[in-house]
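Let me begin by presenting the structure, written as C-alpha cells, before commenting on it.
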Amino acid sequence: MIAHHLPVIIVLVPLFGALLSALTKRGAVAWGIALIATVLTLAATIGLLGHVLHDGVISYEIGGWAPPIGIEYRVDMANALVILIVATIATVIMPYARVSVAKELAADQQAWFYTMYMLCVAGLIGIAVTGDAFNAFVFLEVSSLATYTMIALGQSRRSLLSAYQYLIMGTIGATFYIIGIGLLLTITGTLNFVDLAARIAVTPYDRAMLTALAFITVGIGLKLALFPLHVWLPNAYARAPSTGTALLASTATKVAVYLLIRVYFNVFGISNIVGDVPVLELLLVLSIAAMFFASFVAVFEKNVKRLLAYSSVAQVGYMILGLSMATSTALTGTLVHLANHAMMKGAAFLAIGAVSYQLGSVSLERMKGIGRVMPVTMGCFVVAGLSLIGVPGTVGFISKYYLVVAAFEKGWWWLAFMIVASSLIAVFYVGRVVEVAWFAEPSKEAAKLKEAPLSLLLPTVALAAACVFFGVDASLTAGLAEAAANALFGGSL
Amino acid sequence: MEVIQPILAHFNHWITIFLLVAGLYVVVARGNMIKKLIGLSLFQTSVYLLYISPGKIFGGTAPIIDDKIEVYSNPLPHVLILTAIVVGVATLALGLGLVVRINEVYGTIEEDEIFTQEDDEE
Amino acid sequence: MRLDVVLRVVTKLMLPFMLVFASYVQFHGDYGPGGGFQAGVIAAAALILYALMFGLSAAQRVVPTWLVEKLIPLGVMIYAGTGVVSLFLHENFLNYSALSHHHPVHGQEWGVFTVEVGVFVTVSSTMIAIFYAFGGRGR
Chain C
5 MIAHHLPVII VLVPLFGALL SALTKRGAVA WGIALIATVL TLAATIGLLG HVLHDGVISY
65 EIGGWAPPIG IEYRVDMANA LVILIVATIA TVIMPYARVS VAKELAADQQ AWFYTMYMLC
125 VAGLIGIAVT GDAFNAFVFL EVSSLATYTM IALGQSRRSL LSAYQYLIMG TIGATFYIIG
185 IGLLLTITGT LNFVDLAARI AVTPYDRAML TALAFITVGI GLKLALFPLH VWLPNAYARA
245 PSTGTALLAS TATKVAVYLL IRVYFNVFGI SNIVGDVPVL ELLLVLSIAA MFFASFVAVF
305 EKNVKRLLAY SSVAQVGYMI LGLSMATSTA LTGTLVHLAN HAMMKGAAFL AIGAVSYQLG
365 SVSLERMKGI GRVMPVTMGC FVVAGLSLIG VPGTVGFISK YYLVVAAFEK GWWWLAFMIV
425 ASSLIAVFYV GRVVEVAWFA EPSKEAAKLK EAPLSLLLPT VALAAACVFF GVDASLTAGL
485 AEAAANALFG GSL
Chain L
102 MEVIQPILAH FNHWITIFLL VAGLYVVVAR GNMIKKLIGL SLFQTSVYLL YISPGKIFGG
162 TAPIIDDKIE VYSNPLPHVL ILTAIVVGVA TLALGLGLVV RINEVYGTIE EDEIFTQEDD
222 EE
Chain Y
-5 MRLDVVLRVV TKLMLPFMLV FASYVQFHGD YGPGGGFQAG VIAAAALILY ALMFGLSAAQ
55 RVVPTWLVEK LIPLGVMIYA GTGVVSLFLH ENFLNYSALS HHHPVHGQEW GVFTVEVGVF
115 VTVSSTMIAI FYAFGGRGR
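Residue numbers (our numbering), protein chains in the order written: chain C, 5 to 497; chain L, 102 to 223; chain Y, -5 to 133.
Now the structure itself:
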C-alpha cells in the first residue's frame, strides 16, 4: 500500500516535519523531528527510485482525479535522480546542522530554522515530483519563501539585505515563470506537462508560444542563477547560516535546472526549440560566459563563501552547457553534474562552515594556516576543490568528461577547449584558498584553534569521500544520469 | 477603424501589459524598499489579470452544473489565481517583514543610503 | 475618558456581526461564494479592529501570541491530515470520496468541510500573527 503512495509521501514527510518543528519552541526537539523526517524522506526516495527502475514511469493522481484534469505526480528516471540528490543532501547535512545552528542562531530562532529547512526540502522535492506546471510554481514559491527566511536568519545584518534582494529577484523570476505558463494555458488550455507536450506538438509554433518560452526561460533562469541573472546568488549564499548555505548550494539551483530541462525536453520538445529562433545557441553563449566570467570573479574574491558562490554560478554554466548542446551524451553530462556538483559544493560549503564555526570568519586573510590546525576540514575542502577543477579521480572529472565527449561528437573542438580552459581558472581560485590555508604560517589567532567537532566533520568527510568514490567508480551516478537522459530524450514522460 | 479594432479586441491584454511593465519599472527604478515591494505587487497582480481575463466566456455563467444552463465560464483560472494571490500575499508579508527589520538595523529603507553604510564598513 | 466613545461603541456593536458573517462565509461556502480563506480574513479583521480600538495587549488577552503561533501549523496539519486519512483508507492523497464508504459525494463534502476548517484556522491566525508581529514592534 505504501509503495503506491510514495510519490506523495516524499513531499508529505518533510511538510509534516516542518509543521511539527513549528509547533515546538526548542531547537533540539525541532532538530530531532527534522532528522527523523529527512531520514524517512530518504528511505522513501530510495524506495521510489527502486520502483522507477523496476516499473518505469510512475503516475500518481492527487485526489483520485485523473490527469489532465487533476494534478498528477509523475516520476521517471530524471526526477527520481533529482529527488534522490535533494533527499540525500538534506539528510547528510542534518548531523552538521545540530551544532552549527546552535552556535550561529539565537535559541528562539532555531526551531524556525528547521521549519524553514524542511519546508524548503518539501518545496524542492515537490517541484521535482509534480507533473503539473502550476503546481510546480506553487512548490517553487514554497521553497523560495522558506529560502528567503532561512537567509534572513543569518548572523549579520547584511543577511536581511541579501534576503530582501533575493526576494525581489526570486519573485520576479517566479512571476515570469507563471506568465509563461499562463500563455501556454491560454494557447493549449491545459497545465499537465504530458498533455501540454501533446497539444504543443500539434499547435503551430507561433509568436505566443515563443513568448511563453522566453518568459519561462528567463523566469527559471533567474531561479537557477543563469549568467547574467545570477547577481542575487553570491550574497544570498555568503550570508545565510552555514547549514542553509550548504543545503541551498547543493540542491536549490539543481532543481531549477531540472525544471528547465523538463520544460525544454518534455513540454516544448527539444526539436521544436531548435527551430528558427536560436534559443539553444543563446543558452550556449550564456553558459560559456558564466564559466569564464564567474570563475574569473571568484579568483579575486576575498570571502571564501562568496568565492564558492561565484564558483557555483560557473558550475551552473556547465549544466546549462550540456542542456544547450541537446545531445544524449551532453544531457547525461548535465544530469551527472547535478549529482556531482551537489556532492562537491556540499563538501566545500560544509568545510567552510566548519572553519566559520571555529574561526568565526571566512575571509581569506584570517584563514592563514588554518589547514595546519584543522587538517581534516581543509583536507575535505581540497578534495572538493579538486572536484571543482575536474581532476581525474574526482567527480568533477566525470561530468567534464561527458561534456567534452559531447562537444567532440558535435565536432565542436573549440568548445572542448573552452571547457578545459575554464577549468584552469578554477585551479586559480581553489589554489588561492589552498595556498593560504596550508602554506601560510598560522596567525596567533588561528594557531589556538582545534579541529572542528566530530558532528561537523562526519558529513563533510562523507561528502568529500563521495566526491572521490563516485569519481573513481561512476557507474552508479553516471548510470542513473544516462537512464535519465534517455528517458528525457525518449519523451516518455 | 481597422487600426483600432484589433487593439480594442485585446484591451484586457493591453491593461495586463501596462500593469506588468509599470510594476517592473517601479521595482527597477525606485530605491525605496517599500516602493519596490509595491511595484512587485503590481507586477504580480498583472499576472492575475492575464489568467482571469481569458477565462471569462461571454454569456457564460458561474460553473455550477445546472440543467438549464449550457455555457459556463472557465473556473480553472480563478482557482489558479486564488493560489497565486495567497502566494503574493505571503511574499508581500515576508518582504515587508524584512523591510521592518532592515529599518531597525540600518535606520533607513533607502537602498543607496544602505549601500553607503555597507561601503563604510568594508 | 478619551473622546473616542463613538468609535469604541460602534466597534463593540460591529464585532459580533463580523464574527457571525465570518462563520456565514465559512459554512455557506458550499452554496455560494465563500470558504475558509475569506472567512479567516474576516475573522482576523474583527480581532484586528478590536486591537486597533482597545490596544494590542487587550487583543492579546483574547488571543495570545503563543496560541496564534501554534494555530498556524495546526491548520495546515488539519488540511494535510485530511489528505493523509484518505491514504489510510486505501485511496489516493486528498481523495475525500474515501471518507464515506457508501456515499462518495458525502465523503467529498466532509473532506472539503474539514479542509476549509484547516484553511480558516491557518489564514486567520496567520493574519493575526502578522498584525501582532508588526504591531508589537518598537514598544
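Backbone N, C-alpha and C define an ideal beta-carbon position, used for all residues, glycine too.
All values derive from a computational prediction rather than experimental measurement.
key: Within chain Y, partners of Ala194 (chain L) - CB distance below 7 Å   = Ile124
task = With distances taken Cα to Cα, identify the nearest neighbour of Ser91 (chain Y) among C:Gly67, C:Thr481 and C:Ile89.
result = C:Gly67
ask   = Run through DSSP, which three-state label would Asp505 (chain C) get?
value = Absent from the structure is residue 505 (chain C), since the part of chain C shown begins at 5 and ends at 497.
request  = Inspect the CB distances between the stretch 411 to 423 of chain C and the stretch 470 to 487 of chain C and report whether three or more fall short of 8 Å.
outcome  = With contact defined as three or more Cβ pairs closer than 8 Å, the stretch 411 to 423 of chain C and the stretch 470 to 487 of chain C are not in contact.
request  = List the residues of chain Y whose Cβ lies closer than 7 Å to the Cβ of Leu23 (chain C), in chain order.
outcome  = Pro67, Val70 and Met71
Where the beta strand (DSSP E) through Glu65 (chain C) begins and ends = Ile62 to Glu65
query = For Val465 (chain C), is the classification buried or exposed, using 16 other Cβ atoms within 10 angstroms of its Cβ as the cut-off for buried?
reply = Buried: at least 16 other Cβ atoms inside 10 Å.
ask   = According to DSSP, which residues form a beta bridge with Ser367 (chain C)?
value = DSSP lists C:Asn307 as the bridge partner or partners of Ser367 (chain C).
inquiry  = Does the CB of Met243 (chain C) have a neighbour CB from chain L at under 8 Å?
reply    = Reading off the sequence, residue 243 (chain C) comes out as Arg, not Met. Arg243 (chain C) does not count as touching chain L.
query = When DSSP labels each residue in this structure, what does Val395 (chain C) get in the three-state scheme?
reply = Correct three-state label for Val395 (chain C): coil.
query = Just the Cα atoms here: how many angstroms apart are Ser299 (chain C) and Val289 (chain C)?
reply = 15 Å
Cβ-based neighbour list, Leu1 (chain Y), same chain, cut-off 8 Å, excluding 5 preceding and 5 following = Contacts found: Met47.
Contact under 8 Å by Cβ, Leu120 (chain L) with Leu138 (chain L) = no
task = Alpha carbon to alpha carbon, how far is Gly198 (chain L) from Val317 (chain C)? Give it in angstroms, no decimals.
result = 29 Å
request  = Residues of the stretch 199 to 216 of chain L with a CB closer than 8 Å to any CB of chain C: list them in chain order, please.
outcome  = Leu199, Val200, Arg202, Ile203, Val206, Tyr207 and Ile215
message = To test your reading of the DSSP string, which unbroken alpha helix (DSSP H) runs of 4 or more residues are found completely within the stretch 419 to 458 of chain C?
response = 448 to 451
ask   = For the beta strand (DSSP E) that Arg78 (chain C) lies in, which residues bound it at each end?
value = Taken as a continuous stretch (DSSP letters only), the beta strand (DSSP E) holding Arg78 (chain C) covers Glu76 to Val79.
request  = Compute the Euclidean distance between the alpha carbons of Thr49 (chain C) and Lys6 (chain Y), then round it to the nearest angstrom.
outcome  = 54 Å
inquiry  = Taking DSSP's pairing of strands, which residues face Asp136 (chain C) in a bridge?
reply    = C:Asn196
request  = For Ser332 (chain C), I'd like the list of residues in its chain whose CB is within less than 6 Å of its CB, leaving aside the five on either flank, ordered along the chain.
outcome  = Ala489 and Phe493
Contact check, Met347 (chain C) vs Trp442 (chain C), beta carbons under 8 Å = By the CB criterion at 8 Å, Met347 (chain C) and Trp442 (chain C) fall outside the cutoff.
query = When the Cα of Phe216 (chain L) is compared with those of C:Tyr433, C:Leu88, C:Gly174 and C:Arg162, which residue comes out closest?
reply = Selected option, being the one with the closest Cα: C:Arg162.
query = Using a Cβ cut-off of 7 Å, which residues of the stretch 133 to 147 of chain C contact any Cβ in chain D, in chain order?
reply = Here the protein chains are C, L and Y, and chain D is not one of them.
inquiry  = Can you give me the C-alpha to C-alpha distance between Val56 (chain Y) and Ile36 (chain Y), rounded to a whole angstrom?
reply    = 17 Å
ask   = Out of curiosity, what's the CA-to-CA distance linking Val109 (chain Y) and Ser119 (chain Y)?
value = Whole-angstrom Cα-Cα distance: 15 Å.
ask   = Relative to chain C, which residues along the stretch 107 to 135 of chain L have a C-beta separation below 7 Å, given in chain order?
value = Val128 and Met134
Nonlocal neighbours in the same chain, by C-beta distance under 7 Å from Ala487 (chain C), ignoring five residues either side = Answer for Ala487 (chain C): Met81, listed in chain order.
inquiry  = For Asn133 (chain L), list the residues DSSP reports as bridge partners.
reply    = Residue pairing from DSSP places Asn133 (chain L) in a beta bridge opposite L:Glu211.
query = What does a CB cutoff of less than 7 Å around Leu88 (chain Y) pick up in its chain, not counting 5 residues either side in sequence?
reply = Gly77 and Ser80
task = Run down chain Y in chain order and give the residues with a C-beta less than 9 Å from the C-beta of Val317 (chain C).
result = Result: empty, since nearest Cβ-Cβ is about 34 Å, beyond 9 Å.
message = Tell me the rounded alpha-carbon separation between Val105 (chain C) and Ser25 (chain C).
response = 14 Å
message = Which of the three DSSP states is assigned to Tyr152 (chain C) in this structure?
response = It is helical.
task = Under 8 Å by Cβ, that's how I've got Thr255 (chain C) and Val90 (chain C) pegged, so tell me the actual separation to the nearest angstrom.
result = 5 Å
key: Buried versus exposed, by CB contacts within 10 Å (16 or more), Pro107 (chain L)   = exposed
query = For Tyr25 (chain Y), which three-state DSSP category applies?
reply = coil
task = For Leu141 (chain L), count neighbouring C-beta atoms within 10 Å of its own C-beta (all shown protein chains included) and say buried if the count is 16 or more, exposed if not.
result = buried
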